[in-house]
Structures are given as structure tokens and as C-alpha cells.
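Right, here's the structure in full:
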């Protein structure tokens with residue numbers, strides 16, 4: 009069936025997401041054809057300046073917050089990637105870390121727990137050129153961006169006070185990007201966030217029931233978008249969002265920062281392709297991507313069921329009261345249909 013045709017009528021389903029342990033209502037009655045499910049506010053539409061420039065551009069380095077490192081390391085004006093402190097950080101690297109958030113919770117009055125806002129909030133400037141987006145880079149260049157993420161995670165991992173590192177990218181104003189220049193962000197937290205704990209608990213539950221890792225078992229031809237030697241991209245069986253895509257390592261790996269150079273380039277190529285497919289089929293939608301990895305200090309008993317992946321969420325629908333009130337999501341596009349639409353996108357030109 010071509011993506012230009014309406015899918016056959018079928019009853020909606022309530023599917024369980026074994027990774028995040030939540031229920032998703034797949035409700036095709038609420039949508040048009042999957043191929044018509046395009047962004048009404050493309051992320052690049054606001055950029056009308058023919059020669060845009062900002063503090064992240066080459067030549068404006070002094071306008072930024074302090075630099076942590078750049079690639080290549082010895083470059084001066086010909087840098088390719090810069091990692092800098094966030095000028096408006098959500099957490100303070102200069103604050104005194106609390107002994108333990110858990111200890112604070114136990115010692116506090118009920119409902120009144122608070123710890124010092126210590127942590128790290130960094131920015132990865134992915135290119136010196138304002139007009140270049142992440143999928144415009146070559147496979148090797150996207151791989152270099154991912155290796156910059158890895159390098160910063162390894163630096164933060166040496167600090168015993170940091171328990172979890174979140175890498176994420178906001179593309180488009182409605183997805184939370186305050187700067188149009190291509191960049192991603194890294195936050196080092198003194199605690200393991202609740203959603204991460206829920207994810208690990210859910211993956212353990214699946215492993216205890218089946219003896220298998222739920223992400224190792226996630227590959228399926230009907231939800232496959234594309235694959236490489238080391239990774240596969242799928243629209244997950246119980247996708248919470250329309251056209252959500254997960255890029256999953258074929259090898260069972262706990263931490264993103266264990267990636268080597270070869271796999272970083274391989275992942276960079278697949279990430280570039282998926283972003284191109286989303287842009288082509290969905291009118292360049294705003295999106296978020298998150299690297300869903302394991303806590304830095306992962307117990308060996310958790311290694312069998314903990315598997316990192318990269319999650320991409322296009323902004324095509326609005327989260328309403330039902331989702332906020334229940335934690336259940338309504339997805340108006342069957343994941344199998346979304347995967348088919350993305351598979352059919354020819355990005356070779």
C-alpha cells in the first residue's frame with residue numbers, strides 16, 4: 009500500500025510500552041491519512057534573514073559563555089564543534105553539592121524536600137555555520153558531534169557527584185530551542201531522574217518475565233524505518249507520539265558513552281537519514297531527540313536488561329488534559345503506518 013492511500017479501516021488499540029511502562033491509545037479515528045500528518049509550523053520557517061548570524065557563529069566566540077573544549081582541539085578560527093557552558097544554566101556548577109538527594113528526602117519534613125541546585129548544563133555547538141542544520145552535515149561530521157557528546161559525558165563521569173547525564177536536542181522554537189543555530193545540550197545531574205528509574209524498572213520487569221532485553225527484542229519488519237550494520241531505527245510498537253522514532257544499538261550496550269568511533273559514524277549516518285526522512289515527509293517539523301542511557305554508576309545486576317537508545321519525537325500534536333492527567337498518551341497514527349511512510353521517503357537526492 010502506498011503512503012498516498014488511506015490505510016484500511018481498523019479498530020484502535022491500547023498498547024503497552026515495555027520500556028517506559030505506560031499505556032498508549034492508538035486512535036486512528038482522530039487522524040487523517042498518515043502521509044497528510046505534516047507539521048503546520050516547520051521549524052525553519054522563521055529564519056528569513058539571508059545571512060543570519062548569532063553568538064554561536066564562527067567569529068563570535070567571545071559573546072558566548074566559557075568554552076569547555078573544541079574540536080579539533082588545536083583549532084583557532086577553523087573549529088568544527090565547540091562545547092561551552094550554558095549562559096543561562098538550569099543548574100549551577102559552582103554550587104556546593106548536597107551530600108545526597110535521598111538523604112535530604114529522608115531528613116526533610118513531608119512534602120518539603122529540597123537540595124542544592126548543583127549540576128552542569130552545557131551546550132554543544134554542532135557547526136560554526138548558522139545556516140547548516142544537523143542533517144546537512146556529512147555522516148562523519150554527525151558522528152563527530154556524537155563523539156563530542158561522549159567526550160563531555162566521560163568528563164562528567166569522573167565527578168562522583170554526577171549520577172546521570174542527559175544529552176538532548178531541541179529543534180525549532182515550539183520544541184524549546186531558543187537559538188536557531190544548530191546545537192544540542194548536555195545536563196549532568198546529581199540524581200537519577202524519576203523517568204529514568206521508571207524506565208529501568210520497566211525493562212527489569214520485562215527481563216524477569218522473559219529472560220530477554222526488551223530493546224534487543226524490539227526489531228520488527230513492520231515498524232522498521234531503516235537499519236545499518238550496528239543500529240536499527242524503528243517507530244516503536246507503542247509509540248506515545250505520532251512518528252516517534254527510536255534508534256537502537258544492535259549490540260546490547262548499557263551506556264551511550266561506550267560507543268567507539270566506527271559506531272559513532274554509523275549512528276551519525278542513520279540519525280542523519282531519519283532526520284531527513286522526518287523533514288521530507290512531515291514538512292520539517294520541530295523535534296526533540298534524547299539519548300536515553302543508563303545511570304553512570306550502574307549495578308552489574310542491571311546490565312542484562314539496560315540498553316541505551318536515541319529517541320526522536322517530532323512535534324505534530326498537542327499534549328492535552330487526558331495525557332497530563334493519566335500519563336497515557338493518544339497517538340492518532342498506527343506505528344506501522346508511520347514506519348511505512350518514513351521507509352518510503354527517498355532522501356538520496
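Residue numbers (the working numbering): 9 to 357.
Backbone N, C-alpha and C fix where the C-beta goes; we use that ideal spot for every residue, glycine too.
For clarity, every value in this text was computed on a predicted model and none was experimentally measured.
Apart from the 5 residues on each side of it in sequence, residue 162 sits with its Cβ closer than 7 Å to the Cβ of 265 in its chain, given in chain order. The beta carbons of residue 177 and residue 296 sit about 7 Å from each other, so the pair counts as a contact at 8 Å.
CA-to-CA, the gap between residue 278 and residue 36 works out to about 28 Å. Of all alpha-carbon atoms in 86, 125, 93, 98, the one lying nearest the alpha-carbon of residue 104 is that of 125. In this structure, 128 is the residue among 128, 301, 329, 143 with its C-alpha nearest to the C-alpha of residue 197. For residue 262, there is no enclosing beta strand (DSSP E), since its DSSP letter is neither H nor E.
For residue 148, the number of other beta carbons within 10 angstroms of its own is below 16, and it is reported as exposed. Under a 10 Å Cβ-count criterion, residue 327 is classified as exposed, with fewer than 16 other Cβ atoms of the shown protein chains found around its own Cβ.
Judged by their CB atoms, residue 92 and residue 75 are nearer to each other than the 7 Å cut-off. The three-state reading of DSSP puts residue 75 in strand, counting E and B together.
The alpha carbon of residue 219 has as its nearest neighbour, out of 134, 106, 314, the alpha carbon of 314. If you ignore the 5 residues before and after residue 94, its C-beta comes within less than 8 Å of the C-beta of 73, 129, 130, 131, 193, all in its own chain and listed in chain order.
Take the alpha-carbon of residue 171 and the one of residue 200: they are about 6 Å apart. The segment 336 to 343 makes no contact with the segment 205 to 222: fewer than 3 CB pairs, one atom from each, lie closer than 8 Å.
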